[in-house]
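Working notes for the structure below.
Protein chains in written order, with the working numbering: chain A, 1 to 114; chain B, 1001 to 1112.
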């Protein structure tokens, strides 16, 4: 039972390069989320999706784009990477619940932008 | 905006109790959570408490909520080396992850 899988686990980019982070879940969850985790700070929501074909902005969406073409996949794109985007990125998913949503997290992607 | 604060580090001896503290500012917080992050892994939900509760116990874990002071604590009894991890406090007024605010995490180190 894989749960939430993120690829790649590590990546180093040069400023201005682009890349896509892939999140895949095998639990048939409706909701998916992308967070970033910076030292000394809690996780901050970048973008989220409440179903296939839908996306919405979170707390810190600037510089990122997302797509949810298939229910099981949620892609996070950086079109022109900046050093400020150096962070650990976590994907999470959850089943539909009206309240008390339970998140299932991937193991993270460490991204460094030089 | 909403803020959730935790101390950054805590060290305890194996077998002792650990108490991890959290304060929050949002008076409409209804759902309060504790997540655990082990090295190289994502966060896992440990436990949660509703704002109409004062205490919740789950095996070695006890969650205490002081709503008046907006203070949440997680007590781990008989702390083991496997409990070494980062513990995140989080709150949501609705229980929706879209409104979830995380603290910065407390690194718990269990010494033999």
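The beta-carbon is built from N, C-alpha and C at its ideal position, and this holds for glycine as well.
DSSP places residue 36 of chain A in the strand class (E or B) of the three-state scheme. Membership of residue 1046 of chain B in the beta strand (DSSP E) is indicated by the continuous run 1043-1050. For residue 1081 of chain B, the three-state secondary structure derived from DSSP is helix. Bounds of the beta strand (DSSP E) holding residue 78 of chain A are 73-78. Residues of the region 1079-1097 of chain B that bring their beta carbon within less than 9 Å of a beta carbon in chain A comprise 1088, 1089, 1090, 1092, 1094, 1095, 1096 and 1097, in sequence order.
When the Cα atoms are used, residue 1083 of chain B and residue 1076 of chain B turn out to be separated by approximately 9 Å.
The residues 35, 36, 37 and 90, in chain order, have a CB closer than 8 Å to that of residue 43 of chain A in the same chain once the five nearest residues on each side in sequence are set aside. Counted as a single uninterrupted DSSP element, the beta strand (DSSP E) harbouring residue 46 of chain A occupies residues 44-49. Residue 1098 of chain B and residue 58 of chain A have their C-alpha atoms spaced approximately 7 Å apart. Taking a contact to require three or more Cβ pairs closer than 8 Å, the region 7-18 of chain A and the region 63-72 of chain A do not qualify as touching.
Remark: C-beta atoms of residue 1032 of chain B and residue 1051 of chain B approach each other more closely than 8 Å.
For the region 2-36 of chain A, the continuous beta strand (DSSP E) assignments of 3+ residues that do not extend past its boundaries occur at 4-7, 10-13 and 19-25, in sequence order. Not one beta carbon of chain B lies nearer than 8 Å to the beta carbon of residue 52 of chain A.
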